[in-house]
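FYI, the numbering for the sequence shown is 84 to 259, going by my numbering.
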Amino acid sequence: AAKKLKGIGFRRTYGLATWDRIDVEKGESRLRITAAPGRHGKAGMQALLPSVMGSVLDFGPNPAAPGYRLYISGDTLVYDDLKTIPQRFPGVDLALLHLGGTRILGVFKVTMDGKDGLQLMQIIQPKKAIPIHYDDYDVFKSPLSDFAREVKAAGLDQQVVYLAHGETYTFTPSQR
């Protein structure tokens with residue numbers, strides 16, 4: 084992705100491999116971005132699909148004790164490597180979960196559906212989760228209602244914030 088962005092005029096891009104990180108600082112503010120595992124398809128299909136990653140964003144002046152921790156799933160499916168995220172990054176405040184249940188050729192699932200979203204929530208255990216990217220394209224086969232039903236059945240609906248397109252969610256980093 085970094086090479087592609089450079090090709091269209093972006094001057095400062097950084098490709099990150101899984102667990103690589105970069106710190107962005109301005110004055111007293113600091114943001115640490117760490118690349119997290121992600122996989123777009125089952126093991127046999129990976130060579131045919133673009134690579135994907137998730138991200139962990141730590142906000143605050145001290146990266147060892149961030150004021151706020153945000154996890155962004157990216158267009159991944161649930162697989163074993165995701166279980167390492169809460170081991171390396173406990174205490175996720177907010178998770179942005181890319182859903183939609185994208186199916187290529189109507190058969191091959193390449194993004195999480197409602198059940199997968201719940202499963203990832205249970206792995207990451209964020210204080211709050213916001214489902215995103217679930218109705219952007221015709222190839223999405225799992226509507227937001229699938230995720231809402233799964234979350235409610237698991238008794239986790241109080242942890243989910245549902246935003247309409249254009250709505251915002253405000254968080255305030257604080258020292259832990």
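Where a beta carbon is used, it is the ideal one built from N, C-alpha and C, also for glycine.
query: CB contact flag (Thr96, Arg104, <8 Å); result: no
query: Cα-Cα separation, Phe287 to Glu111; result: Here the chain comprises residues numbered 84 to 259, so residue 287 is not present and cannot be evaluated.
query: Short Cβ contact (8 Å threshold) for Val135 with Tyr154; result: no
query: Rounded C-alpha distance that separates Asp240 from Leu131; result: 36 Å
query: Residue environment, Ala147, which counts as buried when at least 16 other CB atoms sit within 10 Å; result: exposed
query: Helix, strand or coil at Glu223 [DSSP, three-state]; result: Before going on, a small fix: residue 223 reads as Phe here, not Glu. Phe223 falls in the strand class under three-state DSSP.
query: Local Cβ density within 10 Å of Tyr151, reported as buried at 16 or more and exposed below that; result: buried
query: C-beta atoms of Leu160 and Arg122 nearer than 8 Å; result: yes
query: Given 8 Å, three or more beta-carbon pairs between the stretch 186-196 and the stretch 164-175; result: no
query: Whether Leu177 touches Tyr217 by CB criterion (8 Å); result: no
query: Beta-carbon proximity list for Ala237, same chain, < 7 Å, skipping 5 on both sides; result: Leu201
query: Proximity of Pro256 and Phe142 at Cβ, strictly below 8 Å; result: yes
query: Through-space distance from Lys235 to Ile91, alpha-carbon basis; result: 43 Å
query: Rounded C-alpha distance that separates Ile213 from Gly127; result: 30 Å
query: Whether Asp196 touches Ser156 by CB criterion (8 Å); result: no
query: Contact under 8 Å by Cβ, Leu179 with Ile207; result: no
query: Sequence ranges, beta strand (DSSP E) only - wholly within the stretch 129-177, length at least 3; result: 137-142 and 151-155
query: Helix, strand or coil at Leu114 according to DSSP, with G and I counted as helix; result: strand
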